[in-house]
Amino acid sequence: MSAAATEAGRFERFEGTSGYSASEALVDAVNCALALERPLLVKGEPGTGKTLLARHVAEGLGLPLDSWHIKSTSKAEEGLYVYDTVQRLNDARFGDGDVKDIRGYIRLGPLGRVFAAESRQVLLIDEIDKADLEFPNDILLELDEMRFTIMETGDEIVARERPMVIITSNNEKELPDAFLRRCVFHFIDFPDVEQMRRIVDVHHPNVEKRLLDQVLVKFYWLREQKELRKRPSTSELIDWITALLRAGADPGLLESELPFMGALLKNEQDTRAIQAFQARGGKTPRSFEELGGARR
Amino acid sequence: MVFLEFFYTLREAGLKVTLQEWRMLLTCLEHGLHDSRIEGFYHVARSCLVKSESDFDTFDRVFASYFEGIEGVVELPPELLEWLADPKPFEELTDEMRAALEHLDIDELMRRFRETMAEQTERHDGGGRWVGTGGRSPFGHGGEHPTGIRVGGPGRNRSAMKVAEDRHFQEYRTDVTLDTRNIKLALRRLRQLTRSDGPVELDIDGTIDRTCRDAGEIELVFRPKRRNDVRLLLLLDVGGTMDPYYEPVSRLLSALYEERGLRDFKAFYFHNCVYERVFETGRLMRSESVSTADLLRTYGERWKLMIVGDAAMHPSELTSARGNINPRMETDTTGLAWLNRLERHFDRAVWLNPDRPVEWAMSSTCRTISTLFPMFHLSVDGIEAAVKALVGARAATVRPVLAPGAASL
Numbered sequence: 253m254s255a256a257a258t259e260a261g262r263f264e265r266f267e268g269t270s271g272y273s274a275s276e277a278l279v280d281a282v283n284c285a286l287a288l289e290r291p292l293l294v295k296g297e298p299g300t301g302k303t304l305l306a307r308h309v310a311e312g313l314g315l316p317l318d319s320w321h322i323k324s325t326s327k328a329e330e331g332l333y334v335y336d337t338v339q340r341l342n343d344a345r346f347g348d349g350d351v352k353d354i355r356g357y358i359r360l361g362p363l364g365r366v367f368a369a370e371s372r373q374v375l376l377i378d379e380i381d382k383a384d385l386e387f388p389n390d391i392l393l394e395l396d397e398m399r400f401t402i403m404e405t406g407d408e409i410v411a412r413e414r415p416m417v418i419i420t421s422n423n424e425k426e427l428p429d430a431f432l433r434r435c436v437f438h439f440i441d442f443p444d445v446e447q448m449r450r451i452v453d454v455h456h457p458n459v460e461k462r463l464l465d466q467v468l469v470k471f472y473w474l475r476e477q478k479e480l481r482k483r484p485s486t487s488e489l490i491d492w493i494t495a496l497l498r499a500g501a502d503p504g505l506l507e508s509e510l511p512f513m514g515a516l517l518k519n520e521q522d523t524r525a526i527q528a529f530q531a532r533g534g535k536t537p538r539s540f541e542e543l544g545g546a547r548r
Numbered sequence: 004m005v006f007l008e009f010f011y012t013l014r015e016a017g018l019k020v021t022l023q024e025w026r027m028l029l030t031c032l033e034h035g036l037h038d039s040r041i042e043g044f045y046h047v048a049r050s051c052l053v054k055s056e057s058d059f060d061t062f063d064r065v066f067a068s069y070f071e072g073i074e075g076v077v078e079l080p081p082e083l084l085e086w087l088a089d090p091k092p093f094e095e096l097t098d099e100m101r102a103a104l105e106h107l108d109i110d111e112l113m114r115r116f117r118e119t120m121a122e123q124t125e126r127h128d129g130g131g132r133w134v135g136t137g138g139r140s141p142f143g144h145g146g147e148h149p150t151g152i153r154v155g156g157p158g159r160n161r162s163a164m165k166v167a168e169d170r171h172f173q174e175y176r177t178d179v180t181l182d183t184r185n186i187k188l189a190l191r192r193l194r195q196l197t198r199s200d201g202p203v204e205l206d207i208d209g210t211i212d213r214t215c216r217d218a219g220e221i222e223l224v225f226r227p228k229r230r231n232d233v234r235l236l237l238l239l240d241v242g243g244t245m246d247p248y249y250e251p252v253s254r255l256l257s258a259l260y261e262e263r264g265l266r267d268f269k270a271f272y273f274h275n276c277v278y279e280r281v282f283e284t285g286r287l288m289r290s291e292s293v294s295t296a297d298l299l300r301t302y303g304e305r306w307k308l309m310i311v312g313d314a315a316m317h318p319s320e321l322t323s324a325r326g327n328i329n330p331r332m333e334t335d336t337t338g339l340a341w342l343n344r345l346e347r348h349f350d351r352a353v354w355l356n357p358d359r360p361v362e363w364a365m366s367s368t369c370r371t372i373s374t375l376f377p378m379f380h381l382s383v384d385g386i387e388a389a390v391k392a393l394v395g396a397r398a399a400t401v402r403p404v405l406a407p408g409a410a411s412l
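As you go down the protein sequences, you meet chains A and B in turn. Quick note: the first sequence, position 251, residue 503 per the numbering used here, numbers continuous. Quick note: the second sequence, position 142, residue 145 per the numbering used here, numbers continuous.
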């Protein structure tokens, strides 16, 4: 690290952790978010480790992690707090608890919890694109000011230390511009061959190298085919390898054929397109050199 | 501000970088987050300024061209970086002083830089010769010299240039690529949610809330169901010059059929231009056709009209009364008149053209049609813009003057 950083380093820096191989670009983006105290928006294809990132940032900074998993029905207010009116009604009818104290029926949501926490926290807002189109706008003010008021009691929750907020998106919905302007953005690129080897190694530590080479050549070749409507992703690759290993597939066979294609292609047009390609006598590359040649 | 030009160059290239984001970048640079590496600067600038991977490629191009030409890594002693990391403010330059600064070419500059490096032994701020901050020497940063070498601060280095020049993110561009998922995303905006009419539903949350607020007195709350009010009519040009576009058009069509959110969706086909009849299938069989007049009666003005076609045909097919190239189809009215009728009938209509926008002007019929319908490219960006034109706030547009031949309507 240069002197510049240590001198100006009024904030704690993230350097990556042993369990997570973060690219330099990602580390830079995380540090931008830390320095600016702005949310970090992470996008990328499924299986590129977006959700995992929050855990490792928290670990790297030594801060506790809270998560808010967004569903299509999630409402912005739930992230702040929920006033449990049903419980209160129940208590009123059956005489349990102190019904007069509304505070007893206010439950803080994930955003509320990290604001109210004694120390700095990391908050993961996972898959924000799952929610309604307006959802990101609804939490804009709270994320900006890191404070909100509980309407029923008039209590104000103010964050003592601005939490590090990491937001992931699978790109299912376009996020509003006003929201994007306030975020630091990082796009996790699809893993290259070497990174993919490490990822496969986590799931299948003992794949024979010749087999794995063939598998990866075919996999990256498929991803380059423009006709495909849905390109296979990491999890499909892992499934495919599982199928190949169970069946005891031979690397030699894989040179000419694509067995268990159903694990990779989830769409009949895609399957047909590849079958038609093979029926025409189309050859799939057999080595990284051939793949690279096709790329050029 | 040395970099402000970079900001404007990005905006000129079409990136919606705002001042707010620019200030985020400056704050990061003040914190020294780029570690005086151009790679670091590239990452930090991209994280702060660009908010979608589809814009990465544009960013890369601007970055590469803006920082182009000055290559090569200069090894810097750590103490030099330390001096530079703590910049001193820059003294005002008069115009004469600025003019007096030499314009050096890069080789000469590098040679003098190495010489100066060899001689320099201490910190310098201001001044016109040594490597330091806030000065007029060609070397250092926070200073001003027309052709100077930036040392430390945001700088340059071959590998970031390499990343930028590789244009690795090209495939994420949304103005060229088109897959079904992208289209679906673009179509998500095709929504006008209303609670105004239709069946009512029990608002359970509202009921519970009201009941509890009234301390247990049951109070039922009803509200109309929320639903999408958009009904879309698609007219699709098939055959001939449209054949090469089979793939993108079929992707659009399958995305539309899979789009469950629409209140109603209907597709008809035509060849080259819309005449008396439109067809229910792409085979264009007379037995599977409906008259265009009936079409207009069936589908009211509230339907949104989307026409997909290259709008390229022989001019007579558009403007002559017997223009239909299918001789068995009766034609008394010109194609242009039919298009005019469509445009006037529907409240909102757009035209999606699969040809690249630069080619539009080459076809006279395409020029004519684009004065009639707002025309968009059949790409993710184009579809998004078209959807905005269909459901977004209405921009105040002047209705184009009708082309000759349409005057009869």
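Heads up, the beta-carbon is just placed ideally off N, CA and C, and yes, glycines get one too.
So residue 408 of chain A is in the beta strand (DSSP E); what residue range does that whole segment cover? 408–410
Where does residue 58 of chain B land, buried or exposed, given buried means 16+ other C-beta within 10 angstroms? buried
Please list the segments of the beta strand (DSSP E) lying wholly inside the region 288–370 of chain A, counting only runs of 3 or more residues, in order along the chain. 292–296, 317–321, 333–335 and 358–360
Which bits of chain A does residue 376 of chain B rub up against, with CB to CB less than 9 angstroms? Within chain A, no residue comes near residue 376 of chain B; the closest Cβ sits about 24 angstroms away, beyond 9 angstroms.
Residue from A/319, A/294, A/541 and A/341 with nearest C-alpha to residue 221 of chain B: A/341
Residues that residue 67 of chain B contacts on chain A, provided the C-beta gap is smaller than 7 angstroms: None at all; the shortest Cβ gap to chain A is about 16 angstroms.
Below 8 angstroms, can you find three or more Cβ-Cβ pairs linking the region 377–391 of chain A to the region 325–339 of chain A? yes
Looking at the structure shown, is residue 376 of chain B part of a helix, part of a strand, or coil, going by DSSP? coil
Residues that residue 341 of chain A contacts on chain B, provided the C-beta gap is smaller than 9 angstroms: 211, 214, 215, 218 and 219
Would you mind working out which of B/336, B/316 and B/313 sits nearest residue 324 of chain B, comparing C-alpha positions? B/336
Of all Cβ atoms in chain B, is any one closer than 9 angstroms to the Cβ of residue 337 of chain A? yes
Name the chain B residues that come within less than 7 angstroms of residue 280 of chain A, Cβ to Cβ? 36, 43, 46, 47 and 50
State the DSSP-derived secondary structure class of residue 400 of chain B, mapped to helix, strand or coil. Caution is warranted here: a pLDDT of 46 is assigned to residue 400 of chain B, below 50, making its placement in the model unreliable, and no coordinate value can be reported.
In DSSP terms, what residue 273 of chain B is bridged to: B/240
Contact set between residue 345 of chain A and chain B, taken where Cβ atoms lie within less than 8 angstroms: 219
Would you say residue 390 of chain A lies against chain B (beta-carbon separation less than 9 angstroms)? no
Using 10 angstroms around the beta-carbon of residue 399 of chain B, count the other beta-carbons present and answer buried if the total reaches 16, otherwise exposed. Note on residue 399 of chain B: pLDDT 45, under 50, position unreliable in the model; the coordinate value appears next. Exposed.
CA-CA distance, residue 55 of chain B and residue 347 of chain A? 54 angstroms
Mind pulling the chain A residues with CB within less than 9 angstroms of residue 59 of chain B? 439
Roughly how many angstroms lie between the CA atoms of residue 420 of chain A and residue 488 of chain A, to the nearest whole one? 21 angstroms
Use the C-beta contact count for residue 9 of chain B: other C-beta atoms within 10 angstroms, 16 or more gives buried, fewer gives exposed. buried
Assuming residue 43 of chain B and residue 37 of chain B make a contact with CB atoms under 8 angstroms, what is their CB distance in whole Å? 3 angstroms
Bounding residues of the alpha helix (DSSP H) (the contiguous stretch that carries residue 292 of chain B): Careful: residue 292 of chain B lies outside any alpha helix (DSSP H), inside the beta strand (DSSP E) at 292–294.
Three-state class that DSSP yields for residue 267 of chain B in the structure shown: strand
Residue 438 of chain A - DSSP class collapsed to helix/strand/coil: strand
Beta-carbon neighbours of residue 191 of chain B, restricted to chain A and to distances below 8 angstroms: 385, 425 and 426
Indicate whether at least one CB of chain B lies closer than 9 angstroms to the CB of residue 479 of chain A. yes
Looking only at its own chain, which residues have a Cβ that is under 8 angstroms from the Cβ of residue 203 of chain B, when we skip the five neighbours before and after it? 225, 226, 227 and 228
Quick one: what's got a C-beta closer than 6 angstroms to residue 408 of chain A's C-beta in the same chain, skipping five residues either side? 401
CB of residue 205 of chain B within 9 angstroms of CB of residue 237 of chain B, strictly: no
For the pair the region 345–352 of chain B and the region 295–309 of chain B, tell me if three or more CB-CB distances fall below 8 angstroms. yes
Quick check on the burial criterion: 16 or more other C-beta atoms within 10 angstroms. Buried or exposed for residue 51 of chain B? buried
Residues from the region 294–308 of chain A in contact with chain B, defined by Cβ distance under 9 angstroms: 295 and 296
Can you confirm whether residue 53 of chain B, when its beta carbon is compared against all beta carbons of chain A, has any partner nearer than 9 angstroms? yes
Counting C-beta neighbours from all protein chains within 10 Å, is the total for residue 453 of chain A 16 or more, i.e. buried, or is it exposed? exposed
Does the region 299–318 of chain A touch the region 184–193 of chain B, meaning 3 or more C-beta pairs lie closer than 8 angstroms? no
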